[in-house]
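Numbers given in this note's numbering equal positions in the sequence shown, counted from 1, plus 9.
Report on the structure given below.
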Amino acid sequence: MSSNIHFPFNFNKNEIDEIDSLYGPILIVGGSGFIGSNLVNALSHFRSDVYSCSKNVNQSWRLSGNKQLEASHLISADITNQNEVSKLIDSIKPRTIFNLSAFGAYERQSDIDKIYEVNFRGTINLVEKLKETGFNAFVQAGSSSEYGLNCSGPKESDILRPNSHYAVSKGAASLLVQYYGQIEELPINHLRLYSIYGPWEERDRLIPTIVSSGLKKNFTRFAEKHISRDFVYIEDCLIGLIRSAAKGCVEFPGGCFNIGSGKKTTLEELALFSKQLFNLDGMPSFKTFPNRKWDLSNWYSDSLSAKEQLNWSPRTSLKDGLLKTIEWEMSAQEMIRHIPQYKNKKKISCIIACYKDNQAIPVMYQRIKEVFEVIEYDYEIIFINDSSPFDDEKEIANICSFDSKVIGINHSRNFGSQSAFLSGLELCSGDAAVLMDGDLQDPPELIKQFVEKWEDEFDVVYGERIKRDAKLYMQIMYKLFYRIFRLMADFNVPVDAGDFSLIDRKVVDHLIRLPEKDVFLRGLRAWVGFKQTGIPYVRPERMFGRSTNNFFKNIWWAKKGIFSFSSKPLDYIQKFGFLIFLASVVLSIFYLSFYFLKPDHEVKGITTLVLLTLGLGGIQLLSTSVLGDYIGKVLEEVKNRPKFIRSSIILGNKKISDQIEMNNLLDKVRNNIDV
């Protein structure tokens, strides 16, 4: 076994010749996964024209130490998006393609629509585009799960009895391959892979847990002891994939082959074998967790077709494969220690409220994308077009068409930025959400500092505007507003903190559940509490166009904030009224005393009466207007109108305008978050 943790294989001369014979460039779709990354590492050891494609290139942690693979050969693309597939194929023009993408093989991957989109629709997108450019070999990775309940040594031609959506989707893909190969005469194969194991497998899978526990002199947990598997070492699997591309696709177009050992191994046998291998004391425990619906007692292959037609059969016994896996595990301890930080990446949702921001939207998108390429978090970008009269919708739709991480929302009319943010918060699926205005006055580069504070266990991280590029009187007005707001509010409100902020998922959930209609998010964000901190920054002027705010709009914002979170103006009116009452009593006593003490002198002062009348009248009007604002807010809440109305949602090239479809999408997002 090679000492290189990225190339722990020993290919013979014939196998190396087969690798050399493959037409290039070579594209491995799903190259960040367990099997895909091993194939990328193996092929790039001998060739320089190998490309790895995954939905998120930042998740290619298994390839991070491969010095033979150029960084430019790691490509992000979503195969469920036709535009991204087209761009991918046109840029590389691959001649040999391995499609190892899959979704639904793990319990945590339960999104039914996505299972079919990735496993079936993604295959169609790839092959249909490749038909335009031409290709020499296409190997589709299937699964032994396709057989479902018919799992006891089935031949490739035997009936499929799938017992999961994953099995159905992969079985459908096998029929698709059969059609492409036999009817359209394309060089394409489908390989039904059995239980592949070895270096770089996910840490929570059976063999890695057996090995890691065994090295610590412990047994791992097992399900029911009669459950069986057909184990194939990763090196043998790679040889099968390579041989299919070099031989099978040309000689047997549309062919389907089982890649298995043909040997049934029960969990009991595997446990006893691990006891012997690691010299463990005691006996293993079974049924330590419930059986899953795909756990079967007679699951093994018939790989005769692969042997006869591809000249392939596994050469590594289970014992030798485990020994190789143990050797690799011990040599890769430093790398393995860092695996958890890459797995199950946290996701950040960037929510951008747009109004007359058509010029800024492409720049905003590019800057956000560059930020996440550096910080290596999963992310999504949600642009909300708040019924802009400019081309905001067109710009958003264009970005959505080639980047599946971008979602567009269109409102039926202009509901305001606060409603736009709430609209995005309802649809976001991230572990945290970043709120930003679409005019680029909120610098995306600050997200990195937001995330660092969030990882320090702050639930809310807001941008603190220590200075802004604006006219002096506007700067003074903003400073005064935040300090008056803080003085008026019944809770702690950070000063100089606008909407630009990162909000943890639990805070997001509280915000979108609040029933009030006339919302002021920066106030609600402070009201919900939790652990909060600020990041100081200088707020620049708009990069494009003119501000949609003006003096009167800012007064409206100030009233909205104060009247939403404080009853102190009513208290002040009451106190002021009481003071005026006291003043009138004192003045009455004065005039009465003056009348009795000096009856010959009339009190003069029509000016005083006029001023008092005008002053008191003004105070009454002001007080009434304040009361009117509060009554207006009560009326707004009582009417119970929606905070916004979405006219459509844009996903990829699809524009969803039907209200039922939009509601179903929202339910789907919420259900996935709850899970």
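Yeah, the Cβ is synthetic: ideal placement off N, Cα and C, and Gly gets one too.
Could you give the DSSP three-state label for arginine 109: helix, strand or coil? Taking the sequence shown and counting its residues from 1, the one referred to as residue 109 is at position 100. Looking at the sequence provided, one finds leucine at residue 109 rather than arginine. Reduced to three states, the DSSP call for leucine 109 is coil.
Using 8 Å as the limit for Cβ to Cβ distance, is lysine 540 near chain C? You won't find chain C in this structure, because it holds only one protein chain.
Tell me which residues share the same chain as glycine 507 and place their Cβ nearer than 7 Å to its Cβ, disregarding the 5 neighbours each side in the sequence. Counting from 1 along the sequence shown, the entry for residue 507 is found at position 498. Excluding sequence neighbours, glycine 507 sits near Gly472, Arg474 and Arg531.
Separation of cysteine 359 from glutamine 668, as counted between CA atoms: Sequence index remark: in the sequence shown, residue 668 carries index 659 (1-based). Sequence index remark: in the sequence shown, residue 359 carries index 350 (1-based). Rounded to the nearest angstrom, the gap between the Cα atoms of glutamine 668 and cysteine 359 is 24 Å.
Would you report the Cα separation of arginine 252 and cysteine 246, rounded to the nearest angstrom? Position 243 of the sequence shown, counted from the first residue, corresponds to residue 252. Position 237 of the sequence shown, counted from the first residue, corresponds to residue 246. So the two alpha carbons sit approximately 10 Å from each other.
Whole-Å CB distance - alanine 429 paired with isoleucine 512, under 8 Å assumed: Indexing the sequence shown from 1 puts residue 429 at position 420. Indexing the sequence shown from 1 puts residue 512 at position 503. Rounded, the Cβ-Cβ distance is 15 Å, inconsistent with contact.
With 16 other Cβ atoms within 10 Å as the buried cut-off, status of proline 323: Here residue 323 refers to the residue found at position 314 when the sequence shown is read from its first residue. Looking at its Cβ environment, which holds 16 or more other Cβ atoms inside 10 Å, proline 323 is buried.
Which stretch, first to last residue, makes up the alpha helix (DSSP H) that contains phenylalanine 411? As a working mapping, residue 411 is identified with position 402 in the sequence shown. That run of the alpha helix (DSSP H) goes 401-411.
For proline 262 versus isoleucine 357, is the C-beta distance shorter than 8 Å? Here residue 262 is taken as the residue at index 253 of the sequence shown, counted from 1. Here residue 357 is taken as the residue at index 348 of the sequence shown, counted from 1. With respect to isoleucine 357, proline 262 sits apart: the two C-beta atoms are not nearer than 8 Å.
Let me make sure I understand the geometry here. Which of Ile101, Asn394, Glu670 and Phe653 has the alpha-carbon closest to that of lysine 138? Taking the first residue of the sequence shown as position 1, residue 138 is located at position 129. Nearest option by C-alpha distance: Ile101.
Segments assigned alpha helix (DSSP H), at least 4 residues, entirely inside the stretch 172-247: Qualifying alpha helix (DSSP H) stretches, in chain order: 174-191 and 215-224.
What residues are listed by DSSP as bridge partners for valine 59? Stepping through the sequence shown from its first residue, residue 59 is reached at position 50. For valine 59, which the question treats as bridged, DSSP gives the partners Ile35.
Identify every residue that forms a DSSP beta bridge with proline 545. As a first step, residue 545 must be located in the sequence shown, where it is residue number 536. Glu473.
Going by DSSP in three states, glutamine 458 sits in which element: helix, strand or coil? Mapped onto the sequence shown, residue 458 falls at position 449. Correct three-state label for glutamine 458: helix.
Excluding the 5 residues flanking histidine 199 on each side, which residues of the same chain have their C-beta closer than 6 Å to its C-beta? For this step, residue 199 is matched to residue 190 along the sequence shown. If we look at histidine 199 and ignore the five residues flanking it on each side, its Cβ neighbours are Gln149, Gly151, Ser183, Val186 and Cys265.
DSSP-derived helix/strand/coil call for leucine 431: The residue labelled residue 431 in the question sits at position 422 within the sequence shown. The answer is helix: DSSP assigns leucine 431 an H, G or I state.
Closest Cα partner of asparagine 367 within the set Ile405, Leu674 and Arg170: Counted from its first residue, the sequence shown places residue 367 at position 358. It is Ile405.
Pull up the distance between the alpha-carbon of valine 469 and that of valine 517, whole angstroms please. Residue numbering aside, residue 469 sits at position 460 when the sequence shown is read from its first letter. Residue numbering aside, residue 517 sits at position 508 when the sequence shown is read from its first letter. The straight-line gap from Cα to Cα measures roughly 10 Å.
If you follow the beta strand (DSSP E) that leucine 511 is in, where does it begin and where does it stop? Here residue 511 corresponds to residue number 502 of the sequence shown, with the count starting at 1. Its beta strand (DSSP E) spans residues 506-513.
Figure out for me which residue from Lys677, Ile658 and Val59 has the closest Cα to the Cα of leucine 31. Translated into the one-based positions of the sequence shown, residue 31 becomes position 22. Of Lys677, Ile658 and Val59, the residue nearest in Cα terms is Val59.
Buried or exposed: where does serine 154 fall if 16 or more other Cβ atoms within 10 Å of its Cβ makes it buried? Locating residue 154 in the sequence shown gives position 145, counting from the first residue. Label assigned to serine 154: buried.
Alpha helix (DSSP H) segments (min. 4 residues) lying fully within the stretch 263-326: Fully enclosed alpha helix (DSSP H) runs of 4 or longer: 276-287 and 313-319.
Let me make sure I understand the geometry here. Which of Ser221, Phe240 and Cys160 has the alpha-carbon closest to that of leucine 305? Looking up residue 305 in the sequence shown gives position 296. Minimum Cα distance to leucine 305 is reached at Cys160.
Is the separation between the beta-carbon of tryptophan 308 and that of serine 46 shorter than 8 Å? Reading the sequence shown from its first residue, position 299 is the one you call residue 308. Reading the sequence shown from its first residue, position 37 is the one you call residue 46. In this structure, the beta-carbon distance from tryptophan 308 to serine 46 does not fall below 8 Å.
Distance, Cα to Cα, threonine 325 vs asparagine 128? As a first step, residue 325 is located in the sequence shown; it is residue number 316 there, counting from the start. As a first step, residue 128 is located in the sequence shown; it is residue number 119 there, counting from the start. Straight-line Cα distance between these residues: approximately 29 Å.
Burial state of glutamate 317, where buried means 16 or more other Cβ atoms lie within 10 Å: Residue numbering aside, residue 317 sits at position 308 when the sequence shown is read from its first letter. Burial check for glutamate 317: the Cβ neighbour count within 10 Å stays below 16, so the residue is exposed.
On the three-state DSSP scale, how would you describe alanine 254? The residue given as residue 254 occupies position 245 in the sequence shown. Per DSSP, reduced to three states, the secondary structure at alanine 254 is helical.
Leaving out five residues on either side along the sequence, give the residues of the same chain with a beta carbon under 6 Å from the beta carbon of tyrosine 351. Counting from 1 along the sequence shown, the entry for residue 351 is found at position 342. The pLDDT assigned to tyrosine 351 is 40, lower than 50, so where the model puts this residue is not dependable, and the model offers no usable value.
C-alpha gap between glutamine 427 and lysine 663, whole angstroms: For the purposes of this step, residue 427 is identified with residue 418 of the sequence shown, where counting begins at 1. For the purposes of this step, residue 663 is identified with residue 654 of the sequence shown, where counting begins at 1. Distance from the CA of glutamine 427 to the CA of lysine 663, rounded to the nearest whole angstrom, comes to 26 Å.
Secondary structure of isoleucine 521, DSSP reduced to three states: Indexing the sequence shown from 1 puts residue 521 at position 512. Note: isoleucine 521 maps to helix in three-state DSSP.
Note down the Cα distance separating lysine 140 from isoleucine 521, rounded to an integer number of angstroms. In the sequence shown, residue 140 corresponds to position 131, counting from 1. In the sequence shown, residue 521 corresponds to position 512, counting from 1. Each residue's alpha carbon lies about 47 Å from the other.
Output the residue ranges of the beta strand (DSSP E) runs that lie fully inside the stretch 110-148 and measure 3 residues or longer, sorted by chain position. Correct list: empty.
Among Asn50, Ile205 and Ser510, whose alpha-carbon lies nearest the alpha-carbon of glycine 271? Numbered from 1 along the sequence shown, position 262 holds the residue referred to as residue 271. The shortest C-alpha separation from glycine 271 is found at Ile205.
Would you call the stretch 233-245 in contact with the stretch 168-183, where contact means no fewer than 3 C-beta pairs closer than 8 Å? In short, these stretches do not touch, since the Cβ pair count stays below three.
Report the residue from Arg170, Phe144 and Asp122 whose alpha carbon sits nearest the alpha carbon of valine 259. Numbered from 1 along the sequence shown, position 250 holds the residue referred to as residue 259. Distances from the alpha-carbon of valine 259 to those of Arg170, Phe144 and Asp122 put Phe144 closest.
List the whole-angstrom C-beta distance separating phenylalanine 231 from serine 222, where the pair is believed to meet the contact cut-off of C-beta under 8 Å. Against the sequence shown, residue 231 aligns to sequence position 222. Against the sequence shown, residue 222 aligns to sequence position 213. Contact doesn't hold; Cβ gap of about 11 Å is too wide.
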